[in-house]
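What follows is a short report on a single structure.
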Amino acid sequence: MTRILVSKSNAIIPFISSFYILRSSSIRPYSSLKGKVGVRINVENEVKCLDDAVNLFNRMVRMKPLPSLPVFCKLLKTMINMKHYYAVISLFREMRKLDIPINEFILSNVINNYCLMHRVDCAFSLLPIHLKSGIPFNVVTFNTLIRGLFAENKVTDAVVLFKNLVREKICEPNEIMYGTVMNGLSKRGHTEKTLSLLRLMEQGNTKPNIYIYNVVIDAFCKDRNLDAAISILNEMKQKGIPPDIVTHNSLIDGLCKLGQWEKVKTLLSEMVNLNIYPNVRTFSILIDGLCKEGKVEDAEEVMRHMIEKGVEPNIITYSVIMDGYCLRGQVDRARRVFDIMIDKGIEPNIFSYSILINGYCKKKEVAKAMQLLGEISQRGLKPDIVTYNTIQQGLFDVGRIGDAKKIYAEMLSRGPVPNSSTHCILLKGYFRYGLVEEAMSLFNKLKINREDTNIELYNVVINGLCKNGKLDKAHAIFEKLSLIGLLPDVRTYNVMINGFCLQGLLDEAKSMLRKMKKNSCLPDNVTYNVFVQGFLRWSKFSEMRTFMVEMADGGFSFDASTAGFLVNVVRENPSVLDMIPELHSKNKY
DNA sequence: ATAGGGTTAG
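Take the UniProt record's numbering: the final residue in the first sequence is number 589, and no numbers are missing along the way.
And the structure:
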């Protein structure tokens, strides 16, 4: 399958090269703010770091008369942009203490500041100041709060707040508020609700604009539903809203991920006809698409092309190329790209390091990965959750269990907070090396703290127990899933079925298959392969024959592991070959 | 004249 896709992407290079890209140098608007009596304060020019900001603030509060509120506002905003959230809070407190007047602009900045700190609770606690000072709430304040709720994944709270604002007519939502809610929903997988809001807007007074359409189109693209995305594209065109570079980038990304290179080309020429030229994101999307298909040379050529046209690659462009080399196992080439990037004056970030560490781990060169891990802090960076998870997986893969545990301990003491993937990696690792007690002790700790209750984690534990000969314990956990409100998915059933098959309990396995069908969980290719291996293992060849006919009818086929198993069985007992029905063209693969 | 909130790539 990959081979076909690769050949489809070949023609993209000359095609892209045929573009002529115009770049106009952007001129930063001159912005200057001054106090009431001609004291010019240009916040943007004066404030380059936290010290500058605090010094300027101290100067400002001594001026008579005080600089105007927009100057204070601009200063706070500049500090927020520099992510000095704690400092913003203390300066705001200082303003209150000095009785410096505040207004809605100052307040909404401080509210936003709390939201960006992921302290939406503190943001809400500022609302009484509005009431006390007689400053009315407005759509910006509420929009900021909604965004803050989404940022902390409080989706229900965000939607409830939005609905209340509308129902109680507290404020009229504008395009931006709709956009915030729709983006929050779409990024968390609620594409249907996002679409409903679009339809609601079309009925109401606030008509959808380009931002709104872009959110909806991107949501469909992320769902790999390009037909729906393109139908929304046509709707917006019909309403006289021309798609822009963002729209095109979303669509191109969606098409690249589906390997639909012909359509990518069509879209690229359409956008150039509209005088919309590919930017660094467009090129990074194309480069990523090529890399994911193993065509890193073509990706490099697209990169040379973009540079020729005056579009400079950024850290993300280099990242996708590095990851492309790592995917092909050429981590040394990735390392060279990393060095070239540094030579060009682009500082690596934690992504760059995680990509390389992953590359080395996949090649089982864990020592090099560990060395890079050490370099991270030397550069003033911090390993994030992905870095830690990657290195732990790498350590388990080479059997360095003690070191993996040390890394986990380091996370617990210094952060980042382990997530669900971390726990899955640890549990899988323990079970893989037969450390059942270790695994169960971690699992029980997680249960007590109610940290992780997701089906994927339970799948790991059930599978681990089955593989370590503890079928009864696994089955008991499986039976209790509904008590903790978890629904088994296809993988849960597969690991249970495999557990039964390993023990020769084929009737129990079949009853589990009936159960999953009854609970409207459709068996997948893995389910069928697990059964075939079970029949083979216990020499139930005639049952296997019946089963394989059903399998072929469903369009399923052997995977590599079953095929290998079968070859071994046939070598021992050639007559098994006669028991295999011919699997015709119904096969999916 | 001035200031605050929304969309796309690893």
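Just so you know, even glycine gets a beta-carbon here, dropped at the ideal spot from N, CA and C.
With a 10 Å radius around its C-beta and 16 neighbouring C-beta atoms as the bar for buried, classify threonine 546 as buried or exposed.
Translated into positions along the first sequence, residue 546 becomes position 546. Threonine 546 is exposed by the Cβ-count criterion.
So, helix, strand or coil for arginine 379, using DSSP?
Position 379 of the first sequence holds residue 379. If DSSP states are grouped into helix, strand and coil, arginine 379 belongs with coil.
In three-state DSSP terms, what is histidine 118?
Numbered from 1 along the first sequence, position 118 holds the residue referred to as residue 118. Note: histidine 118 maps to coil in three-state DSSP.
Tell me the start and end of each unbroken alpha helix (DSSP H) in the segment 290-356 that is at least 4 residues and wholly inside, in chain order.
Runs of the alpha helix (DSSP H) inside the segment 290-356: 296-308, 315-327, 331-343.
Could you give the residue range of the alpha helix (DSSP H) that holds valine 436?
Here residue 436 is taken as the residue at index 436 of the first sequence, counted from 1. First-last of the alpha helix (DSSP H) with valine 436: 436-448.
If distances are taken between C-alpha atoms only, which option among Gln393, Ile340, Lys344 comes closest to glycine 359?
For the purposes of this step, residue 359 is taken as the residue at position 359 of the first sequence. It is Gln393 whose Cα lies nearest to the Cα of glycine 359.
Taking the runs of the alpha helix (DSSP H) that are 4 residues or longer, which of them lie wholly in the segment 517-573?
525-537, 541-553, 560-572
Would you decide whether serine 90 is buried or exposed? Buried here means 16 or more other CB atoms lie within 10 Å of its CB.
Working through the first sequence from its first residue, we reach residue 90 at position 90. Answer is exposed; the Cβ neighbour count stays below 16.
Relative to the alpha-carbon of leucine 274, which residue among Leu286, Ser520, His248, Thr282 has its alpha-carbon at the smallest distance?
Here residue 274 corresponds to residue number 274 of the first sequence, with the count starting at 1. Closest option to leucine 274, Cα to Cα, is His248.
Please classify glutamate 451: does DSSP put it in a helix, a strand, or coil?
Counting from 1 along the first sequence, the entry for residue 451 is found at position 451. The DSSP-derived three-state label of glutamate 451 is coil.
Cβ of leucine 56 within 7 angstroms of Cβ of asparagine 103?
The residue given as residue 56 occupies position 56 in the first sequence. The residue given as residue 103 occupies position 103 in the first sequence. Cβ distance not < 7 angstroms, so leucine 56 and asparagine 103 don't count as in contact.
Whole angstroms are fine: how far does the CA of isoleucine 401 sit from the CA of valine 160?
By 1-based counting over the first sequence, the position of residue 160 is 160. By 1-based counting over the first sequence, the position of residue 401 is 401. Between valine 160 and isoleucine 401, the C-alpha separation is close to 46 angstroms.
Between the CA atoms of arginine 119 and glycine 148 - distance to the nearest angstrom:
The residue given as residue 148 occupies position 148 in the first sequence. The residue given as residue 119 occupies position 119 in the first sequence. In a straight line, the C-alpha of glycine 148 is about 8 angstroms away from that of arginine 119.
Where does cysteine 256 fall in DSSP's three states?
For the purposes of this step, residue 256 is identified with residue 256 of the first sequence, where counting begins at 1. Here cysteine 256 sits in helix by DSSP.
Residue from Leu98, Pro418, Asn494 whose Cα sits closest to the Cα of isoleucine 455
Within the first sequence, residue 455 is the residue found at index 455, counting from 1. With distances taken between Cα atoms, isoleucine 455 lies closest to Asn494.
Given residue 642, which residues of its chain have a CB within under 6 angstroms of its CB, disregarding the five upstream and five downstream residues?
As shown, the chain starts at 1 and ends at 589. That puts residue 642 outside it, with no answer to give.
Mind reading off the beta-carbon distance from valine 280 to proline 242? Whole number of angstroms is fine, and I expect it under 8 angstroms.
Start at 1 with the first residue of the first sequence, and residue 280 comes out as number 280. Start at 1 with the first residue of the first sequence, and residue 242 comes out as number 242. Contact between valine 280 and proline 242 fails: their C-beta atoms lie close to 22 angstroms from each other, not under 8 angstroms.
For the 8 angstroms Cβ check, are there 3 or more pairs between the segment 325-339 and the segment 356-370?
Of all C-beta pairs linking the segment 325-339 to the segment 356-370, three or more are shorter than 8 angstroms, placing the two stretches in contact.
Look up tyrosine 178 in the DSSP assignment and say whether it is helix, strand or coil.
In the first sequence, residue 178 corresponds to position 178, counting from 1. Here tyrosine 178 sits in helix by DSSP.
I'd like the span of the alpha helix (DSSP H) that includes lysine 239, first residue to last.
Walking along the first sequence from the start, residue 239 turns up at place 239. Neither: lysine 239 is in no alpha helix (DSSP H) and is coded neither H nor E.
Limits of the alpha helix (DSSP H) - the one that isoleucine 407 falls within:
Against the first sequence, residue 407 aligns to sequence position 407. Here the alpha helix (DSSP H) through isoleucine 407 covers 401-414.
Would you mind reading off the limits of the alpha helix (DSSP H) that contains serine 419?
For the purposes of this step, residue 419 is taken as the residue at position 419 of the first sequence. The amino acid at residue 419 is misidentified as serine; the sequence shows asparagine. Taken as a continuous stretch (DSSP letters only), asparagine 419 belongs to no alpha helix (DSSP H), as it is neither H nor E.
Looking only at C-alpha atoms, which of Asn42, Lys163, Lys77, Val166 sits nearest to proline 67?
If you number the first sequence from 1, residue 67 lands on position 67. Proline 67 has its Cα closest to that of Asn42, out of Asn42, Lys163, Lys77, Val166.
Compare the C-alpha of serine 250 against each of Lys309, His130, Asp218 and name the closest.
Translated into the one-based positions of the first sequence, residue 250 becomes position 250. Nearest option by C-alpha distance: Asp218.
Can you give me the Cβ contacts of threonine 191 inside the same chain, cut-off strictly under 7 angstroms, excluding the 5 residues immediately before and after it?
On the first sequence, position 191 is the one that residue 191 refers to. Residues Ala219, Phe220, Asp223 of the same chain have their beta carbon placed closer than 7 angstroms to that of threonine 191, with the five preceding and five following residues left out of the count.
Mapping DSSP to helix, strand and coil, what is isoleucine 100?
The residue labelled residue 100 in the question sits at position 100 within the first sequence. Isoleucine 100 falls in the coil class under three-state DSSP.
Throw me the rounded Cβ distance for the isoleucine 252 and valine 264 pair, which I believe falls under 8 angstroms.
Indexing the first sequence from 1 puts residue 252 at position 252. Indexing the first sequence from 1 puts residue 264 at position 264. Taking a contact as a CB-CB distance under 8 angstroms, the pair isoleucine 252 and valine 264 counts as one, their CB atoms being some 6 angstroms apart.
Which term fits cysteine 501, buried or exposed, when burial requires 16 or more other beta carbons within 10 angstroms of its beta carbon?
Reading the first sequence from its first residue, position 501 is the one you call residue 501. Classification of cysteine 501: buried, given that the 10 Å Cβ count is 16 or more.
Could you check how far apart the C-beta atoms of methionine 544 and leucine 536 are, in whole angstroms? I think they sit under 8 angstroms.
Counting from one through the first sequence, the residue named residue 544 turns up at place 544. Counting from one through the first sequence, the residue named residue 536 turns up at place 536. Going by Cβ atoms, the distance from methionine 544 to leucine 536 rounds to 7 angstroms, so yes, they are a contact pair.
Suppose the cutoff is 7 angstroms on Cβ atoms and the five residues either side in sequence are ignored; what does the same chain contact list for leucine 195 look like?
To locate residue 195, count along the first sequence from 1; it is residue 195. Excluding residues within five positions, the ones whose Cβ falls inside 7 angstroms are Val216.
Could you give the distance in angstroms between the alpha-carbon of aspartate 507 and the alpha-carbon of tryptophan 261?
For the purposes of this step, residue 507 is taken as the residue at position 507 of the first sequence. For the purposes of this step, residue 261 is taken as the residue at position 261 of the first sequence. Distance between the alpha carbons of aspartate 507 and tryptophan 261: 48 angstroms.
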